[in-house]
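Here the structure comes first, spelled out in structure tokens, and everything after it is commentary.
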Amino acid sequence: MVCMSCQVVVAYELEKLGLNQHKVEHGKVEILEPISDEQIQTFKLALMRSGLELIDNKKNILVENIVNAITEMINYRHDELKINFSHHLSEKLGHDYTYLANVFSEAKDTTIEQFIIHHKIQRVKQLICDKGLSLTEISWRMHYSSVAHLSTQFKKVTGVTPSNYKQTC
Numbered sequence: 028m029v030c031m032s033c034q035v036v037v038a039y040e041l042e043k044l045g046l047n048q049h050k051v052e053h054g055k056v057e058i059l060e061p062i063s064d065e066q067i068q069t070f071k072l073a074l075m076r077s078g079l080e081l082i083d084n085k086k087n088i089l090v091e092n093i094v095n096a097i098t099e100m101i102n103y104r105h106d107e108l109k110i111n112f113s114h115h116l117s118e119k120l121g122h123d124y125t126y127l128a129n130v131f132s133e134a135k136d137t138t139i140e141q142f143i144i145h146h147k148i149q150r151v152k153q154l155i156c157d158k159g160l161s162l163t164e165i166s167w168r169m170h171y172s173s174v175a176h177l178s179t180q181f182k183k184v185t186g187v188t189p190s191n192y193k194q195t196c
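Converting from the sequence shown to our numbering requires adding 27 to each position, the first position being numbered 1.
This is the structure:
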């Protein structure tokens, strides 16, 4: 529930249930008044009808926080990372990286590293087509050690080189 329209839907569904004292922000809802089990179930169903999901299991919440942190790093962080992704996730989420990796792998059937790689490549594809940036600029922006590393990883994931991909844009 990162986008504004999702937040609006969540707030609307809470108000329909008569729950007017709440905070809805970046992937989290805080209800400031008592809520019954029946209201929770009604809320879950309403969210499902809107294509959203209520995550109330602590491990699932942690996995969602990992996904959000990775998405934020890949899509919105343009400055140079002073530490690697594993340290960044550990610091941001307040858990040992091994624990985060185990919980994530169990829930998503992939490693955090593979998840990051695939999402970075998706972002690289967008940047190649949308921004008119050079491969060197994209490599720097996406925190690759070199253009060669980016190109190798890109081809491994997509099956084509970045240059060949650019021709399809």
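Virtual Cβ for every residue (Gly too), placed ideally from N, Cα, C.
- Within the DSSP secondary-structure output, Ile58 pairs in a beta bridge with His49.
- Shown here for Val90: same chain residues with a beta carbon closer than 7 Å to its own, the five before and five after excluded, namely Val130, Phe131, Ala134, Lys135 in chain order.
- Residue state for Leu79 is assigned as coil, using DSSP reduced to three classes.
- In the DSSP annotation of this structure, Ser63 is not part of any alpha helix (DSSP H), being labelled neither H nor E.
- The DSSP assignment places complete alpha helix (DSSP H) segments of no fewer than 4 residues inside the stretch 146-178 at 162-168, in order along the chain.
- One alpha carbon belongs to Tyr126, the other to Ile93, and they sit about 12 Å apart.
- In this structure, His115 is the residue among His115, Asn87, Lys86 with its C-alpha nearest to the C-alpha of Glu99.
- For the pair Leu74 and Asp64, the Cα-to-Cα distance works out to about 15 Å.
- By the neighbour-count criterion, in which 16 or more other beta carbons inside 10 Å mark a residue as buried, Val51 falls on the buried side.
- For Cys33, the enclosing alpha helix (DSSP H) stretches over residues 31-43.
- For Thr138, the secondary structure class from DSSP, reduced to helix, strand or coil, is coil.
- Rounded to the nearest angstrom, the gap between the Cα atoms of Pro61 and Met169 is 44 Å.
- Annotation: Gly186 to Tyr39 spans about 44 Å, alpha carbon to alpha carbon.
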